[in-house]
Amino acid sequence: MQAQAGPPKSNSSLFQRVTGLVTKVSDAFAFPLRTSHYIELVNPLWSTHALQARVEAVWDETSDSRTITLRPGLNWRSHRPGQHLRIGVPIGGQHFTRTYSISSAPERNDGCFTITVKAIDNGRMSHHLVRKLKVGDHIPIGVPQGDFYLPDAQPVLPLFITAGSGITPIMSMLRSLVMQERMPNTVHIHYAPHTYDVIFGRELKEIADTQKLYKLNLVHTREPGQKLEELTGKRPHFSREQLEQLCPDWQKRDVYACGPQSMLDSIEQLYEAEGLSRQVHTERFRAQLAGVPTEVKTGVVKFTTSNVSANSDGETNLLRLAEDSGLNPEHGCRMGICHGCDVKLASGCVRDLRTNALINETGQVIQICVCAAVGDAEIEV
26 MQAQAGPPKS NSSLFQRVTG LVTKVSDAFA FPLRTSHYIE LVNPLWSTHA
76 LQARVEAVWD ETSDSRTITL RPGLNWRSHR PGQHLRIGVP IGGQHFTRTY
126 SISSAPERND GCFTITVKAI DNGRMSHHLV RKLKVGDHIP IGVPQGDFYL
176 PDAQPVLPLF ITAGSGITPI MSMLRSLVMQ ERMPNTVHIH YAPHTYDVIF
226 GRELKEIADT QKLYKLNLVH TREPGQKLEE LTGKRPHFSR EQLEQLCPDW
276 QKRDVYACGP QSMLDSIEQL YEAEGLSRQV HTERFRAQLA GVPTEVKTGV
326 VKFTTSNVSA NSDGETNLLR LAEDSGLNPE HGCRMGICHG CDVKLASGCV
376 RDLRTNALIN ETGQVIQICV CAAVGDAEIE V
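Take any residue in the sequence shown, note its place counting from 1, add 25, and you have its number in this note's numbering.
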């Protein structure tokens with residue numbers, strides 16, 4: 026007789042029904058909270074009403090970037106290499122949320138995953154994660170999402186083009202390919218100011234040494250010791266000439282790119298001019314914004330639900346304006362993708378920062394992460 030791999034489905038289904046019934050009864054006694062809220066006090070990873078993760082380890086990749094190993098709680102689902110997730114952190118009595126790419130492979134077998142964060146100028150969240158987060162801390166997380174990943178079914182010839190912390194989703198892909206022992210013919214171009222600024226620098230070189238089909242091109246955009254303000258003349262950034270030199274067969278490859286908006290714009294423009302736009306896959310950390318109009322109207326924004334007002338410069342998005350005023354509106358990606366920050370316009374006019382389109386219809390739903398006020402406005406926040 027063949028041994029069963031687990032309990033019969035009927036027993037499993039019965040267990041789920043019984044567990045659900047017990048939870049429903051206990052929730053009645055826990056009202057207005059839920060049983061999960063009390064379980065959270067014992068172990069935050071056991072809660073079911075909110076997904077959390079515990080910091081298991083931290084590792085400094087460079088002087089301003091850190092890899093954080095997280096152990097997720099219940100209701101977690103594994104990711105596809107290249108996907109991202111939302112991370113939440115309380116700072117100064119407010120709850121902030123940002124989206125970060127997962128840098129580890131889904132094949133790791135310790136039940137953990139990693140994010141790799143670079144501290145950016147004026148970045149409240151990134152500085153907190155890089156400088157202040159410590160082992161044992163618990164933070165709210167979302168589930169993996171996004172469509173920036175390699176296809177499973179069809180073979181591809183990848184061309185990875187990354188810069189700075191844009192290496193993180195690609196690193197997840199590379200680690201997965203190595204662990205699965207199915208590295209295809211791959212060319213990787215990575216930009217960083219100096220050798221010591223290359224996130225995962227040592228591991229990338231190890232992959233290049235051990236994977237015969239992986240070709241790594243590290244491009245340093247500054248001279249050793251040179252600072253940004255000391256730059257003069259042409260900088261060795263992405264160009265068609267450079268691409269043809271480092272990857273002569275680039276037109277035959279699918280490009281997966283992540284990095285600064287200027288680099289991604291240049292890549293998309295080049296491939297569009299060649300009629301190869303379908304071969305381009307990009308991951309952006311920020312929304313692609315239109316240029317600021319020559320005339321910007323300042324004003325006062327009133328957040329009607331909170332009865333809070335703030336002066337607007339006509340350029341700062343409404344989400345940041347609300348947070349700077351001590352509010353904590355719901356939001357997700359901060360890029361106008363997830364619609365987690367949708368609210369109603371009570372009066373006045375706002376500008377969509379991605380297109381400069383004006384929205385002035387009372388009651389219309391707007392995305393406060395990608396909209397700025399035009400003069401005086403009232404928002405239901």
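We treat Cβ as the ideally placed atom computed from N, Cα and C, and that holds for glycine.
- When DSSP states are grouped into helix, strand and coil, Pro194 belongs to the helix group.
- In the DSSP annotation of this structure, the continuous segment of the alpha helix (DSSP H) that includes Tyr296 starts and ends at Gln286 to Ala298.
- A residue is called buried when at least 16 other Cβ atoms come within 10 angstroms of its Cβ; Val368 meets this threshold and is buried.
- Closest by C-alpha distance to Asp177, out of Pro115, Glu403 and Met198, is Met198.
- In this structure, Arg379 lies near Ala315, with their beta-carbon atoms less than 8 Å apart.
- Taking 8 Å as the cut-off, the Cβ atoms of Ala78 and Gly98 count as close.
- When DSSP assignments are scanned along the stretch 323-357, the uninterrupted stretches of beta strand (DSSP E) that are 3 or more residues long and fall wholly within it turn out to be 324-328 and 333-337.
- Glu297 counts as exposed, since fewer than 16 other beta carbons sit within 10 angstroms of its beta carbon.
- Straight through space, the alpha carbons of Pro169 and Glu132 are spaced by roughly 15 Å.
- For the set Cys358, Phe328 and His109, the Cα lying nearest the Cα of Asp349 is the one of Phe328.
- Annotation for Ala397: the continuous beta strand (DSSP E) segment containing it runs Cys396 to Ile404.
- Out of Gly400, Gly365, Met288 and Gly113, the CA that lies nearest to the CA of Val321 is found in Gly400.
- Residue range Asp367 to Asp377 is occupied by the beta strand (DSSP E) that includes Lys369.
- Per DSSP, reduced to three states, the secondary structure at Leu383 is strand.
- The alpha-carbon of Gln267 is positioned some 10 Å away from that of Val244.
- Remark: C-beta atoms of Ala347 and Ser372 do not approach each other more closely than 8 Å.
- Counting only residues of its own chain and dropping the five nearest sequence neighbours on each side, Ser151 has a CB closer than 8 Å to the CB of Arg123, Val142, Lys143, Ala144 and Ile145.
- Of the candidates Ile186, Gly113, Glu299 and Arg91, the residue whose Cα lies closest to the Cα of Gln286 is Ile186.
- The C-beta distance from Gly171 to Gly284 rounds to 16 Å, too long to meet the 8 Å contact threshold.
- Pairing Ile192 with Ile214 gives a Cβ-Cβ distance that is not under 8 Å.
- Using a Cβ-Cβ distance cut-off of 8 Å, the stretch 232-241 and the stretch 199-213 are in contact, since at least three pairs of beta carbons, one from each stretch, lie closer than that value.
- Counting only runs of at least 4 residues, the stretch 104-137 fully encloses no alpha helix (DSSP H) element at all.
- Going by C-alpha positions, Gly136 is about 19 Å away from Tyr125.
- In its chain, beyond the 5 residues on either side, Ile214 and Asn242 have a beta carbon closer than 6 Å to the beta carbon of Leu271.
- Judged by DSSP secondary structure, Arg227 falls outside any beta strand (DSSP E) and instead within the alpha helix (DSSP H) spanning Gly226 to Thr235.
- Under the three-state reduction of DSSP output, Val390 falls in the strand class.
- Only residues of its own chain outside the window of five on either side were considered, and among them Phe263 have a CB closer than 6 Å to the CB of Ser291, listed in chain order.
- Each residue's CA atom was taken as its position, placing Arg149 and Lys230 some 32 Å apart.
- Residue range Gln77 to Thr87 is occupied by the beta strand (DSSP E) that includes Gln77.
- Leaving aside the five residues that flank Cys374 on each side, the residues in its chain whose CB is nearer than 8 Å to its CB run, in chain order, Leu383, Ile384, Asn385, Ala398, Val399, Gly400 and Ala402.
- Counted as a single uninterrupted DSSP element, the beta strand (DSSP E) harbouring His163 occupies residues His163 to Pro165.
- Excluding residues up to 5 positions away in sequence, Thr94 and Val160 lie with their Cβ nearer than 7 Å to the Cβ of Ala82 in the same chain.
- Look at Gln313 here: in three-state DSSP terms it is coil, with no helix or strand label.
- Out of Val333, Glu86 and Gln119, the CA that lies nearest to the CA of Ile140 is found in Glu86.
- The three-state reading of DSSP puts His219 in coil, since its state is none of H, G, I, E or B.
- Annotation: Val181 to Arg278 spans about 7 Å, alpha carbon to alpha carbon.
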